[in-house]
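As structure tokens, the structure follows; a few thoughts come after it.
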Amino acid sequence: MTKENTKSLDYQKRANDIFMPLYPHKSVALDHADGSYVYDMEGNKYLDCAVGIAVCSLGHNHPAFMKGITEQLDKGFTMSVGSFATKPKVKAAELLLNNCSAEKIFFTNSGAEAVDGSLKLARAWAHENKGEDCKEFIVFRNSFHGRTYGAVSATEKSLHQPQFAPYLPGFHFAEFNNLDSVKELITDKICAVIVEPVQGEGGLTAGTKEFFQGLQKLCNDNKILLISDEIQAGMGRMGTLFAHSHFGYEPDIITLAKGLGGGFPVGAFMSKSYISDVFKAGDHGSTYAGNPLATNVVYHVVSEIVKPEFLARVKEAGAYFIKKLNALHNETGNAITSIKGEGLMIGVDTKFEIKTILNELLKNGMVATQAGKNTLRLTPPLNISDAEIDEAVEKLGTVLKDESKLTEYTS
Ligand SMILES: Cc1ncc(COP(=O)(O)O)c(C=O)c1O
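As numbered in the working numbering, residues 347 to 757 make up the sequence shown, in order.
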């Protein structure tokens with residue numbers, strides 16, 4: 347850090363005074379962003395390996411993202427969103443559906459809303475096709491699906507936060523990557539399984555291809571819907587537009603958000619018609635969802651991500667990042683204990699307290715986030731360059747090599 351951060355500290359204090367204590371604010375207050383970097387109020391520059399946790403898929407202010415916004419600026423933002431077709435809504439929906447096997451879509455404002463919608467759809471489908479007692483779900487340990495009551499009931503945290511109970515009933519927790527634990531939970535009451543391709547908040551654990559393909563077969567054999575929550579892992583982050591394609595399975599329902607809008611709040615859930623046709627008008631809805639501004643951004647951002655050369659570069663960048671981290675692992679002895687994840691959704695476990703690493707990274711001009719109990723999460727822009735990857739690994743190396751500033755992790 348080069349300049350005195352008095353402005354940042356003033357804003358940090360004011361923010362901590364007035365916001366609910368859910369996100370303690372850092373000593374750096376942000377002013378603007380550009381490409382792979384964010385800038386604080388003092389003008390210091392930080393390499394952004396978080397991008398809002400896998401949100402700004404094209405980096406900050408990418409021309410495609412900006413086109414999505416500016417094209418719509420003088421055309422209206424809302425226009426009775428649900429009941430009227432608009433060009434952006436239809437074009438964004440067609441683009442997504444033309445690139446997967448789903449046939450129907452509903453846009454939402456956030457990831458948790460997409461998850462809630464998908465849970466309602468699964469229950470409605472089972473009610474009509476399997477009987478009114480079939481309304482329970484299989485979910486996974488270390489899962490994360492969001493913070494609304496439906497989404498959080500499917501999330502590991504619901505098991506540890508009794509202060510918010512009662513949660514929705516009927517969620518059964520299996521072990522991720524363990525098909526036998528899923529088999530043990532299958533009964534006639536299970537309508538769907540909801541799974542993340544890579545557990546993000548849970549600590550960057552990728553599912554194996556065998557697990558997902560076995561899970562799909564189990565679901566097919568038992569007439570259970572498979573919901574793929576691709577809110578963090580989808581939209582190019584695996585080097586394929588949809589995360590399930592990377593792992594070789596075919597979900598019945600897909601949830602999207604985060605990278606879908608490249609920084610604009612928007613989500614979606616999608617399915618085959620035979621599932622979504624159980625919905626009748628009025629069964630579900632949302633005031634703002636599918637608005638022309640959000641969907642115009644989706645259209646332009648996804649049009650960029652879906653280009654074969656863009657997706658090939660994500661694969662290449664992910665492999666390069668892992669190669670550089672492995673080299674750092676060798677260089678720093680036992681500081682790094684494991685490197686996890688898939689594509690550009692990378693986790694680094696170290697022997698140090700993650701909070702101290704994140705603070706030191708910030709002082710060295712880099713933003714990253716925590717996942718799981720003590721994992722460093724790297725979710726950079728999908729168009730990060732090799733030079734920027736070198737910079738990220740170099741900064742992490744600088745932090746790991748100065749052990750005097752770090753605290754050892756004790757679980
Ligand atoms: C896999 C997954 N599902 C759902 C969500 C919830 O999304 P949102 O925060 O937009 O509600 C997240 C957010 O981190 C997520 O990673």
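C-beta atoms are modelled at their ideal positions from N, C-alpha and C, and glycine is treated no differently. Being a predicted model, the structure only gives us computed values, none of them experimental.
Classified as buried, Asp575 has 16 or more neighbouring CB atoms from the shown chains inside 10 Å of its CB.
Assigned with DSSP and collapsed to three states, Gln507 falls in coil, not helix or strand. In this structure, Phe453 is the residue among Phe453, Ser447, Ser426, Ser429 with its C-alpha nearest to the C-alpha of Ala439.
The DSSP assignment places complete beta strand (DSSP E) segments of no fewer than 3 residues inside the segment 382 to 454 at 383 to 386, 391 to 394, 450 to 454, in order along the chain.
Secondary structure remark: continuous beta strand (DSSP E) runs of at least 3 residues inside the segment 633 to 699, in chain order: 682 to 688, 691 to 696. Distance from the CA of Leu550 to the CA of Ile577, rounded to the nearest whole angstrom, comes to 14 Å.
The segment 444 to 463 makes no contact with the segment 518 to 525, as fewer than three CB pairs between them are under 8 Å.
For the pair Gln507 and Lys701, the Cα-to-Cα distance works out to about 22 Å. For Phe490, the distance from the CB to the nearest heavy atom of ligand 1 is below 7 Å.
Below 8 Å, too few C-beta pairs join the segment 669 to 680 and the segment 650 to 657 to call them touching: fewer than three. Following the DSSP letters along the chain, one finds Ser617 in no alpha helix (DSSP H) but inside the beta strand (DSSP E) bounded by residues 613 to 617. Going by beta carbons, Ile540 and Phe610 fall outside the 8 Å limit. As a beta-bridge residue in DSSP terms, Arg723 pairs with Gly693, Thr715. Taking 7 Å as the cut-off, the C-beta of Arg493 counts as close to a heavy atom of ligand 1. Distance from Ser489 to Gln545 at the Cβ level is roughly 6 Å; contact confirmed, criterion being Cβ atoms closer than 8 Å. Contact between the segment 434 to 450 and the segment 664 to 674 is absent: fewer than three C-beta pairs spanning the two stretches fall below 8 Å. Under DSSP, Phe517 forms a beta bridge with Phe483. A distance below 6 Å between beta-carbons, with the five flanking residues on each side excluded, links Val624 to the following residues of its chain, in chain order: Ala470, Trp471, Glu474. In this structure, Phe667 sits away from Ile573, with a CB-CB distance that is not shorter than 8 Å. For His378, the uninterrupted beta strand (DSSP E) run begins and ends at 376 to 380, by DSSP. By the neighbour-count definition (other C-beta atoms within 10 Å, threshold 16), Tyr645 is a buried residue. Within the same chain, Leu674, Thr678, Ala681, Ile682, Thr696, Phe698, Ile703, Leu752 come within 8 Å of Leu746 by CB-CB distance, once the 5 residues on both sides are set aside.
Sorting Ile451, Asn642, Leu742 by C-alpha distance to the C-alpha of His630 places Ile451 at the top.
Contact between Ala738 and Pro726 holds: their C-beta atoms lie close to 7 Å from each other, under 8 Å.
In this structure, the CA atom of Gly594 is about 22 Å from the CA atom of Ala400.
Residue state for Val539 is assigned as strand, using DSSP reduced to three classes. Closest option to Arg487, judged by alpha-carbon separation, among Gln562, Leu443, Ser429, Gly553: Gly553.
With contacts defined by Cβ atoms closer than 8 Å, Ala410 and Leu404 form a contacting pair. Ligand 1 never approaches Gln562 closely enough for any of its heavy atoms to be under 7 Å from the residue's Cβ.
When secondary structure is reduced to three states using DSSP, Leu572 falls in the strand class. Per the DSSP secondary-structure output, Val544 pairs in a beta bridge with Ala552.
The alpha-carbon of Asp380 is positioned some 5 Å away from that of His406.
Scanning its chain for C-beta atoms nearer than 6 Å, with the 5 sequence neighbours on each side dropped, one finds around Ile685 the residues Leu671, Val694, in chain order. For Gln358, the Cβ stays outside the 7 Å cut-off from all heavy atoms of ligand 1. Within the chosen limit of 7 Å, ligand 1 does not reach the beta carbon of Ile570 with any heavy atom.
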